[in-house]
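Top to bottom, those sequences are chains A and B.
Sequence positions in the first sequence follow this note's numbering and run 1 to 115.
Sequence positions in the second sequence follow this note's numbering and run 116 to 226.
We treat Cβ as the ideally placed atom computed from N, Cα and C, and that holds for glycine.
Worksheet: the structure to be examined is printed underneath.
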Amino acid sequence: DAGVIQSPRHEVTEMGQEVTLRCKPISGHNSLFWYRQTMMRGLELLIYFNNNVPIDDSGMPEDRFSAKMPNASFSTLKIQPSEPRDSAVYFCASSLYGGRTDTQYFGPGTRLTVL
Amino acid sequence: SQQGEEDPQALSIQEGENATMNCSYKTSINNLQWYRQNSGRGLVHLILIRSNEREKHSGRLRVTLDTSKKSSSLLITASRAADTASYFCATGGTGANNLFFGTGTRLTVIP
């Protein structure tokens, strides 16, 4: 299996621009997670999908952030408009069943820099 | 917060020595997992220990769990330079439906 695939790996954009991050989970996995990692705040869960349905989006910072999962093999995380404080590494992870007992498999991450 | 906290924040040892990292958490858990993150990469699952287990082994890894103290430790024996990475604990709470990751321990193994 190719593992969790994320694109792009690096993104540099200017403040105010729209940014779209993409994720393809491991085939057959039912849960998908978006995380943000920074030096200051560590690894933060942004949103969690189970069977393509958002279960917990309490970690989404504000209305500028939105996430979709139109089907079992694709998810996007969109930031509009982007701000310099959004600069971070964004990880997508998937798990077979989801929930607290399941192992999560992480993608390589997207390093976002907002100038 | 349900987030775990690792201790120490950073650890530097010589190759061949053992490395011990600790994790403390605040709420009741169903299980606790340890992950490794190499620089510039995503996290990789290492081992899971359930709340009714006290110790678990996997290769050079040994994990202990003390639910009365709400703490866990990860021991890496006979460390190698390739073990250089950040190590995170993640807790699955009894009342939660996802994992909560700690702040990580940065391990450096000097060849």
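Beta-carbon proximity of residue i to residue j, cut-off 9 angstroms
i        : j        : result
A:ASP116 : A:ARG64  : This structure leaves residue 116 of chain A out entirely; chain A is present only between 1 and 115.
A:LEU46  : A:PRO25  : no
A:LEU32  : A:ALA93  : yes
B:LEU189 : B:THR135 : yes
B:VAL178 : B:SER187 : yes
7 angstroms Cβ cut-off: residues of chain A touching residue i
i        : result
B:ASN167 : The contacting residues do not exist; B:ASN167 stays about 12 angstroms from chain A at best.
Cross-chain neighbours of residue i in chain B, by beta carbon under 9 angstroms
i       : result
A:PHE65 : Result: empty, since nearest Cβ-Cβ is about 18 angstroms, beyond 9 angstroms.
Chain A contact for residue i (CB, 9 angstroms cutoff)
i        : result
B:ASN137 : no
B:HIS160 : yes
B:LEU113 : Because residue 113 of chain B is not part of the residues shown, which for chain B are 116 to 226, the question remains open.
B:THR192 : no
B:GLY174 : no
B:ARG156 : yes
Cutoff 9 angstroms: residue i Cβ touching any chain B Cβ
i        : result
A:SER2   : With the sequence shown as reference, residue 2 of chain A is identified as Ala, and Ser is not the correct amino acid for it. For A:ALA2, the answer is no, since every Cβ of chain B falls outside 9 angstroms of its Cβ.
A:PRO108 : yes
A:PHE74  : no
A:GLY28  : no
First through last residue of the beta strand (DSSP E) which encompasses residue i
i        : result
B:ASP181 : 176 to 181
A:ASP102 : Careful: A:ASP102 lies outside any beta strand (DSSP E) and carries neither H nor E.
B:ARG151 : 144 to 152
| request: Give a yes or no on contact between the segment 124 to 131 of chain B and the segment 63 to 80 of chain A, applying the rule of three or more CB pairs nearer than 8 angstroms. | output: no
| message | I'd like to know if the segment 87 to 104 of chain A and the segment 169 to 184 of chain B are in contact, where contact means that at least 3 CB-CB pairs between them fall below 8 angstroms. | response | no
| message | With a threshold of 8 angstroms, are at least 3 pairs of Cβ atoms found where one atom belongs to the segment 29 to 39 of chain A and the other to the segment 9 to 17 of chain A? | response | no
| the segment 194 to 209 of chain B / the segment 146 to 157 of chain B touching (three or more Cβ pairs under 8 angstroms) | Touching, yes.
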